[in-house]
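Chemist: Below are the structure tokens for one structure; questions will follow.
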Amino acid sequence: MIDIALIRENPELVKNNLKKKFQERKIPLVDEICELDAKKRALQSEGDNLRSTRNALAKEIGSLMREKKFAEAEEAKAKSKANNDRIAQIESECAEVEERLKKDMMSIPNIIADDVPIGKDDSENVEGKRFLEPAEKPFEVPYHVDILEKLAGIDLDSARRTSGNGFYYLTGDVARLHSAILTYARDFMIDKGFTYCIPPFMIRGDVVSGVMSFEEMEGMMYKIEGEDLYLIGTSEHSMIGRFMGSVLPEEKLPLTLTSYSPCFRKEKGAHGIEERGIYRIHQFEKQEMIVICKPEESDYWYEKLWNYTVELFVSLKIPVRQLICCSGDLADLKYKSCDVEAWSPRQKKYFEVGSCSNLTDAQARRLGIRYRNSRTGKNEYAHTLNNTVVAPPRMLIAFLENHLNEDGSVDIPEALQKYMGGKTKIIPAK
RNA sequence: GCAGAGGUGGCAGAGUGGUCGAAUGCGCACGACUCGAAAUCGUGUUACGUAGGAAUACGUACGGAGGUUCGAAUCCUCUCCUCUGCGCCA
163 MIDIALIREN PELVKNNLKK KFQERKIPLV DEICELDAKK RALQSEGDNL RSTRNALAKE
223 IGSLMREKKF AEAEEAKAKS KANNDRIAQI ESECAEVEER LKKDMMSIPN IIADDVPIGK
283 DDSENVEGKR FLEPAEKPFE VPYHVDILEK LAGIDLDSAR RTSGNGFYYL TGDVARLHSA
343 ILTYARDFMI DKGFTYCIPP FMIRGDVVSG VMSFEEMEGM MYKIEGEDLY LIGTSEHSMI
403 GRFMGSVLPE EKLPLTLTSY SPCFRKEKGA HGIEERGIYR IHQFEKQEMI VICKPEESDY
463 WYEKLWNYTV ELFVSLKIPV RQLICCSGDL ADLKYKSCDV EAWSPRQKKY FEVGSCSNLT
523 DAQARRLGIR YRNSRTGKNE YAHTLNNTVV APPRMLIAFL ENHLNEDGSV DIPEALQKYM
583 GGKTKIIPAK
């Protein structure tokens, strides 16, 4: 959600932003918002005046009662009652206008950064820097499920029986590798000065509707039956929700947190859930990072965050690149976003393993996350950012493909060996 | 899960239908005293919305949602949370 003052003062900028995002259909909303806003303020001041009268009358009645002037008090009561009818009328009108206004405001996207490439959809995203050159394999790299099965590392058949499609059993060294990657990623971020956090894996409905739109909620979130609780789709939900409605002391910023959680997603309507394997699944685990900082620092943190992910993948000898999200592919809350993509030797292309976003104050405004600015003495909205450190089931695909040897064994890079009990290789089962 | 107690400003904590946006204390800011500091004294100090250049004015908010009333922090209903005891349990 953007600042309504911006729409009031500079509607052209907002309209221009809509054009950049190929959302011309929303342009009439801007004028509608201006009208609704003016109407709301008129109603509010009318209501304020009426309430002021009510308060004055109530005071008057109080003193009349004390002086035992009952007849006059009754007269004032009648006046007040009539006044209250007007108030009720104005209030319901005002509530209606406010609701429409809020709905419109919610669909106005965040103003995007100047350097976001202009493009219609994900086909126009722009490649950024590459890190590590992809090495040619002298043999054909099999599908990841086949690699996993050879290592006795996966059981999809049983998972389908117990839980359905989109679930998995990881077993043996592969399961250990999965945990090792998470632990390594956790320590990696702690070494960067981030605070480790294990958040709740379920959150209430009001937190959910704070962190995402209704459509997203429908398509992603699993609800616990009979309770006002949802399984989180990413730890960002509970990590950001933690600061809902709070005013943070300036000296505590930036908050740099790294969190672990399982993630649950319906993936309703998403392509590929039927695809065999662990690319798109209902349940996975993820190490995440979030930053809450002062507005002037969010550009700095954005660059830092995605580069941390790159550094982690490079330390595990997996070639990656940055893919810059173009204007049309950018979610409405985002100011700027990019994916970190890993090289797939099998597909001979890069695929998404993480996503980094700067939401500026759009998310914070929606959730009421503020900080006390000591310079101005005012409470101002903070900026929020989030980024994937690593999400192992998917990253495992990149890991296995890149470290696979012709005999079916998989090398473990040095950085990870101590988390694997000193193993240097995973060997296929007999 | 059951029973009891409670949720009020940055914090602690009064207030049980009108003069309460809220005593008092702490904290914080400024000033006086002082060579300087401590102590002391004085003044100020909730947030949000609207109008205004500002001073300010008006409105809203005492966990949340409804209700009663001319008027609610205060009464009623529901709900959430916290604490204590009991029960249950990794």
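Residues in the first sequence are numbered from 163 upward in steps of one, following my numbering.
From the three backbone atoms N, C-alpha and C, an ideal C-beta is built for every residue, glycine too.
1) Assign E255 to one of three DSSP states: helix, strand, or coil.
2) Once the 5 residues before and after L578 are set aside, which same chain residues still bring their CB inside 6 Å of it?
3) Rounded to a whole number of angstroms, what is the C-alpha to C-alpha distance between D247 and M227?
4) When DSSP labels each residue in this structure, what does E387 get in the three-state scheme?
5) Could you work out which residue in F426, W505, N245 and W468 is closest to S214 when comparing CA atoms only?
6) Tell me, which residues are paired with W505 by DSSP?
7) Under the rule that 16 or more other beta-carbon atoms within 10 Å means buried, what is P481, buried or exposed?
8) Could you name the residues of the same chain whose beta carbon sits closer than 6 Å to that of Y384, not counting the 5 residues immediately before and after it, in chain order?
9) Note down the Cα distance separating G395 from M374, rounded to an integer number of angstroms.
10) Note down the Cα distance separating N172 from R438, rounded to an integer number of angstroms.
11) How about the region 493 to 509 and the region 522 to 540: do they share at least three Cβ pairs that are nearer than 8 Å?
12) Just curious, the alpha helix (DSSP H) that P554 is in, first and last residue?
13) Across the region 318 to 330 and the region 501 to 512, are there enough close Cβ pairs to call them in contact, namely three or more that are closer than 8 Å?
14) Pull up the DSSP beta-bridge partners for E450, would you.
15) Taking the alpha helix (DSSP H) that T471 belongs to, which residues open and close that run?
16) Quick one: what's got a C-beta closer than 7 Å to L581's C-beta in the same chain, skipping five residues either side?
17) Drop a sphere of 10 angstroms on the beta-carbon of A238, count the other beta-carbons inside from all chains shown, and report buried for 16 or more, exposed for fewer.
18) Is it the case that the Cβ atoms of L415 and M451 are separated by a distance below 8 Å?
19) Which of the three DSSP states is assigned to C196 in this structure?
20) DSSP state of R534, grouped into three classes?
21) Spell out the partners DSSP gives D573 in its beta bridges.
22) How should S325 be labelled, buried or exposed, when 16 other C-beta atoms within 10 angstroms of its C-beta is the threshold for buried?
23) Does I360 pass the burial test, meaning 16 or more other C-beta atoms within 10 Å, or should it be called exposed?
24) Is the CB-CB distance between I280 and C488 below 8 Å?
25) Report yes if the C-beta of A238 is less than 7 Å from at least one heavy atom of the ligand NAP; otherwise report no.
26) Check whether the Cβ atoms of K466 and A544 sit closer than 8 Å, and answer yes or no.
27) Name the residue from V259, L310 and G209 whose alpha carbon lies nearest to the alpha carbon of L562.
28) Determine, using beta carbons only, whether M163 and M268 come nearer to each other than 8 Å.
29) Classify L180 as helix, strand or coil using the three-state DSSP reduction.
30) Contact defined as beta carbons within less than 8 Å: I believe T546 pairs with I365. What is the distance between those atoms, to the nearest angstrom?
31) Between L313 and I588, which are expected to be in contact by the criterion C-beta below 8 Å, what is the C-beta distance as a whole number of angstroms?
32) Using the rule of at least 16 other Cβ atoms within 10 Å of the residue's Cβ for burial, across every protein chain shown, is E197 buried or exposed?
33) Do L175 and I189 have their CB atoms nearer than 8 Å?
34) Rounding to the nearest angstrom, what Cα-Cα distance links V288 and W468 in this structure?
35) If you measure between the beta carbons of I270 and K182, is that distance less than 8 Å?
36) If you follow the beta strand (DSSP E) that G281 is in, where does it begin and where does it stop?
Modeler: In short, the structure shows the following:
1) helix
2) A342 and Y346
3) Going from the Cα of D247 to the Cα of M227 covers about 23 Å.
4) coil
5) N245
6) Y512
7) Buried: at least 16 other Cβ atoms inside 10 Å.
8) L393 and F426
9) Taking the straight line from one Cα to the other gives about 11 Å.
10) 50 Å
11) The region 493 to 509 is in contact with the region 522 to 540.
12) P554 to H565
13) Too few Cβ pairs lie closer than 8 Å, so no.
14) S421 and T550
15) S460 to S477
16) A small fix is needed here, since residue 581 is Tyr in this sequence, not Leu. Here the set comprises A342, T345 and Y346.
17) Result: buried.
18) no
19) helix
20) strand
21) Looking at the DSSP output, D573 sits in a beta bridge with K587.
22) Its Cβ having fewer than 16 others within 10 Å, S325 is exposed.
23) exposed
24) Yes.
25) In the structure shown, the ligand NAP is absent, as is every other ligand, since no ligand is present at all.
26) no
27) L310
28) yes
29) Looking at L180 - three-state DSSP - the assignment turns out to be helix.
30) The pair is not a contact, with the Cβ atoms about 16 Å apart (cut-off 8 Å).
31) 6 Å
32) The residue is exposed, with fewer than 16 neighbouring Cβ atoms inside 10 Å.
33) In this structure, I189 does not lie closer than 8 Å to L175 by Cβ.
34) 15 Å
35) no
36) First-last for G281: undefined, no H or E at that position.
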